[in-house]
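Chains as they are written, first to last, in my numbering: chain H, 24 to 358; chain E, 13 to 285.
The beta-carbon is built from N, C-alpha and C at its ideal position, and this holds for glycine as well.
What follows is a set of notes on a single structure, which appears directly below.
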């Protein structure tokens, strides 16, 4: 059963346009000129309970605006939106009880308070029963390793510690849905890994629905099977990550270690991308030649010590789509 | 999927008491501030006493306020300032400024009530400083103590004056919904309050035309009214009238504040802040 339903969602902001220069600045004060900016043009999707979906798009594509509409703090200009059966902006507080939110760039913890007291305050805001609260705290403290800094004021925490605190804070009231807006931004590898592990466990153990917006596509590859790609306020792809890779990731790279310093290196069916001493990188289209056939061609002519294959990364695929647009029939639903 | 209308969440007082408690604790972490504010209060009590002594020695005394009354007036005014001079809704401005107000709207709370609780907690902490400050002040000056009924009316009037101050601060910080810079505006209001509120110079000393201006503004209800009740210039026969004027201002400003808040919150909801 779908827990989130968005149909033809649209959000237009009325922005004040300012002409450049001093004259423009003065004119803006006395005779402001307004223009409509379409942040979200036409977004439809539906999410099943317990799904994890990556909501991906370049800066200004409308990701945050969509998230804000889902949380109920922005009223859509047009379209229909239901989150756990509720119209978010019409019943903001009822919706708030169902959701948890983490912003990578903005903490919802209380700056002057020790982390533990922020949690206590949230317990009282969300009316979490005491034993449930204790249980969750124990659980989160273990996964996120919070114990060390529970009594430190939030302003003294490192970014990684603060983010771990923010995740625990967002999950304390067992929300049905969590929105994660750039949750791993600026974190080191260890902290990123801890956060990803936490998201996976929360989703698996509690069946929490997760919407994740991020620029770090490693997050997406690690956490989600389904992605929704948006650009200029419209959904350009909605489906499995795998399928996108199949369709767009047609070029693979074969890395060959040569046994001898051959002066010349040529193989039909593949292009030499780079060569450093005995290390050669070959780019080939896997629709026209298999890796096995290519390796055979290489070994027929050259002595080699080692080969490896680099798969196309999702990052370059997404970059291609932003640049060229998605063009493979209609936008598909997840199969 | 059809939309359901969720039951309106039951109002619970607990989170708001918690907000107030947290605000008190937060103020307590700036302990150095506490000592400096008491010290600066004592210095001001001493300086004002010197000023009034000097002025009264030159026979500039108005008939309504003998020397002991004006020193009482100034000292009580300074003590009231310990809570009246706090901008207890500053947090609203800060949150609008850095955009973190969005996270408050994502919580199942009544947002203006949250700011009220936070501000009240902050003020209660500073109100607790009045008693020690008063004891220290008594070492420097002698002040009159009115009869118990008058004292009771004074506290009622003080409380109404506080509510007026709260609404004014809230309104000023709401301006940040539209323009993020409110300092100039706040400065102007502070000057006007200083002049027409009667915190520093009692309004009864003012020339008649300035008194008339002060009378139609809300600021006199903040300081002057409770203070003049305390020193006995406002006699019991006028209590109902002056308290009524204070109540009038509380209601007018609260209504305006509610409208401005709603317009501001709508702007966030529609424009995204």
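What does DSSP give as the partner residue(s) for residue i in the beta ladder?
i	result
residue 35 (chain H)	H:61
residue 304 (chain H)	H:278, H:297
residue 329 (chain H)	H:280
residue 29 (chain H)	H:68, H:104
residue 204 (chain H)	H:126, H:236
residue 40 (chain H)	H:56
residue 254 (chain H)	H:257
residue 262 (chain H)	H:250
residue 137 (chain H)	H:176
Could you name the residues of the same chain whose beta carbon sits closer than 6 Å to that of residue i, not counting the 5 residues immediately before and after it, in chain order?
i	result
residue 251 (chain E)	165
residue 103 (chain H)	30
residue 278 (chain H)	304, 331
residue 133 (chain H)	141
residue 159 (chain H)	195
Of all the options the options, which has the alpha carbon lying nearest to the alpha carbon of residue i?
i	options	result
residue 203 (chain H)	H:176, H:232, H:217, H:178	H:232
residue 121 (chain H)	H:184, H:193, H:294	H:193
residue 29 (chain E)	E:43, E:106, E:39, E:131	E:131
residue 209 (chain E)	E:141, E:184, E:231	E:231
residue 104 (chain E)	E:190, E:76, E:58	E:190
residue 59 (chain H)	H:40, H:316, H:52, H:50	H:40
residue 139 (chain E)	E:120, E:90, E:201, E:203	E:90
residue 172 (chain H)	H:137, H:142, H:149, H:46	H:137
residue 88 (chain E)	E:120, E:150, E:264	E:150
residue 92 (chain H)	H:124, H:80, H:74, H:81	H:124
residue 166 (chain H)	H:105, H:224, H:43	H:224
residue 237 (chain H)	H:55, H:82, H:35, H:306	H:82
residue 229 (chain H)	H:250, H:131, H:162	H:162
residue 287 (chain H)	H:302, H:51, H:275, H:146	H:302
residue 201 (chain H)	H:43, H:75, H:344, H:333	H:75
residue 144 (chain H)	E:26, E:254, E:241, E:259	E:26
residue 280 (chain H)	H:298, H:290, H:294	H:298
residue 31 (chain E)	E:109, E:170, E:125, E:57	E:125
residue 344 (chain H)	H:329, H:319, H:253, H:284	H:253
residue 313 (chain H)	H:292, H:328, H:152, H:38	H:292
residue 134 (chain E)	E:236, E:254, E:42	E:42
Spatial neighbours of residue i within its chain, please: C-beta separation below 8 Å, excluding the five flanking residues on both sides.
i	result
residue 64 (chain H)	33, 85, 255, 256, 257
residue 109 (chain H)	117, 118, 121
residue 137 (chain E)	35, 36, 39, 40
residue 141 (chain E)	46, 49, 50, 94
residue 239 (chain E)	85, 88, 89, 92, 210, 214
residue 218 (chain E)	226
residue 21 (chain E)	120
residue 296 (chain H)	276, 304, 305, 306
residue 183 (chain E)	265, 268, 269, 272
residue 186 (chain E)	104, 269, 272, 273, 276
residue 264 (chain H)	77, 243, 244, 247, 248, 249, 250, 337
residue 177 (chain H)	130, 132, 133, 134, 135, 136, 137, 138, 141, 185, 188
residue 57 (chain H)	37, 38, 39, 40
residue 262 (chain E)	172, 175, 176, 179
Once you ignore the five residues that flank residue i on each side, which residues in its own chain have a CB closer than 7 Å to its CB?
i	result
residue 25 (chain H)	69, 70, 71
residue 346 (chain H)	none
residue 245 (chain H)	219
residue 353 (chain H)	Confidence at residue 353 (chain H) is low in this model, with a pLDDT of 39, below 50, so the placement of that residue should be treated as unreliable; the coordinate-derived value is given next. Answer for residue 353 (chain H): no residue qualifies.
residue 223 (chain E)	215
residue 127 (chain E)	101, 103, 104
residue 309 (chain H)	273, 275
Under 7 Å Cβ-Cβ, which residues of chain C neighbour residue i?
i	result
residue 114 (chain E)	Protein chains in the displayed structure are H and E, and chain C is not among them.
(request) Report the residues of the region 19 to 44 of chain E with a CB closer than 7 Å to any CB of chain H, ordered along the chain. (result) 21, 24, 26, 27, 30, 34, 38, 41
(request) Starting from the N-terminal side, write out each stretch of the beta strand (DSSP E) that is 3 residues or longer and does not extend beyond the region 52 to 106 of chain E. (result) none
(message) My parser needs the alpha helix (DSSP H) runs of 4 or more residues fully inside the region 63 to 121 of chain H; what are they?
(response) 86 to 94, 115 to 121
(request) Mind checking the region 191 to 208 of chain E against chain H and listing, in chain order, the residues whose C-beta falls within less than 8 Å of any C-beta there? (result) none
(message) Output needed in chain order: residues of the region 91 to 112 of chain E with a Cβ under 9 Å from some Cβ in chain H.
(response) 110, 111, 112
(message) Can you pull out the residues from the region 88 to 104 of chain H whose beta carbon lies closer than 8 Å to at least one beta carbon of chain E?
(response) 88, 91, 94, 95, 96, 97, 98
(message) Residues of the region 132 to 163 of chain H in Cβ contact with chain E at a cutoff of 8 Å, in chain order, please.
(response) 133, 135, 136, 140, 143, 144, 147, 148, 149, 150
(message) Beta carbons nearer than 9 Å to chain E: which residues of the region 224 to 238 of chain H have them?
(response) none
(request) Write down every uninterrupted run of the alpha helix (DSSP H) in the region 195 to 222 of chain E whose length is 4 residues or greater and which is fully enclosed by it, in chain order. (result) 195 to 208
(request) Return the residues of the region 257 to 290 of chain H that lie within a Cβ-Cβ distance of less than 8 Å from chain E, sorted by chain order. (result) none
(message) At a CB distance below 7 Å, what residues from the region 121 to 144 of chain E approach chain H? Give them in sequence order.
(response) 121
(message) Suppose only complete runs of 3+ residues qualify. What are the beta strand (DSSP E) ranges in the region 153 to 235 of chain H, listed by chain order?
(response) 200 to 204
(request) Could I get the ranges of all uninterrupted alpha helix (DSSP H) runs contained in the region 137 to 162 of chain E, with 4 residues as the minimum, in chain order? (result) 142 to 152
(request) Could you run through the region 191 to 215 of chain H and flag, in chain order, every residue whose CB is less than 7 Å away from some CB of chain E? (result) none
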